[in-house]
Amino acid sequence: MEERTVKKKPLKVAAVLFILHGLGEMTALAAAFLPGADLFMADFAGQEFASKLVYMAITGVLCGIARFIAAAGLLKGRKWAIAYGIILAVLTMNNSVNMVPFGIVDFLFALPVLLILLSVWFGREKAG
74 MEERTVKKKP
84 LKVAAVLFIL
94 HGLGEMTALA
104 AAFLPGADLF
114 MADFAGQEFA
124 SKLVYMAITG
134 VLCGIARFIA
144 AAGLLKGRKW
154 AIAYGIILAV
164 LTMNNSVNMV
174 PFGIVDFLFA
184 LPVLLILLSV
194 WFGREKAG
């Protein structure tokens, strides 16, 4: 059976985007514990958002770890990492609408990753 070779450059780009996105999510935890963060968030995004700040920061760390795992697999050219990255990108895009205003940044990271990974997965195949 012929094994398909995967181009490494698009996978590296997707991995870098995953790493940057993961780092951004990890810094949210540190920001949650800064003095006055809860007051800033209440003014900026509303009281309901501020009440969930620590929960969202911890969730962000877990998502950041998931992105690092995907990035490590992509850098090694693993097929499972492509599928895993597609799933992460789709879930991120789906959940980004619930995380206004920060979900906009999530969406902007997830969309190019999704497009890159889908193009790597399907290559130059034509529909039909």
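In this note's numbering, the protein residues as written are 74 to 201. Every residue, glycine too, gets a C-beta built ideally from N, C-alpha and C. Small disclaimer: the values here were computed from a predicted structure and weren't measured.
Short of 7 Å from the beta carbon of V186, and not among the five residues preceding or following it, lie these beta carbons of its own chain, in chain order: A87, L90, F91, G158, A162. From the listed residues I160, V127, I189, L84, the smallest Cα separation to A104 is found for V127.
Counting along the chain, P185 sits inside the alpha helix (DSSP H) bounded by residues 176 to 195. Cα atoms of H94 and L107: separation of roughly 21 Å, rounded to the nearest angstrom. For the 8 Å CB-CB criterion, L190 and I155 form a contact.
Secondary structure of E198 (DSSP, three-state): coil. Relative to the Cα of K81, the nearest Cα in the group L135, F180, K152 belongs to K152. Annotated three-state conformation of M172 is coil, per DSSP. Annotated three-state conformation of F141 is helix, per DSSP. Across the structure, G150 and M172 are spaced so that their CA atoms are roughly 31 Å apart.
In terms of Cβ geometry, L188 and G137 do not form a close pair [threshold 8 Å]. Judged by their CB atoms, G146 and E98 are not nearer to each other than the 8 Å cut-off.
R197 has its alpha-carbon roughly 29 Å from the corresponding atom of A139.
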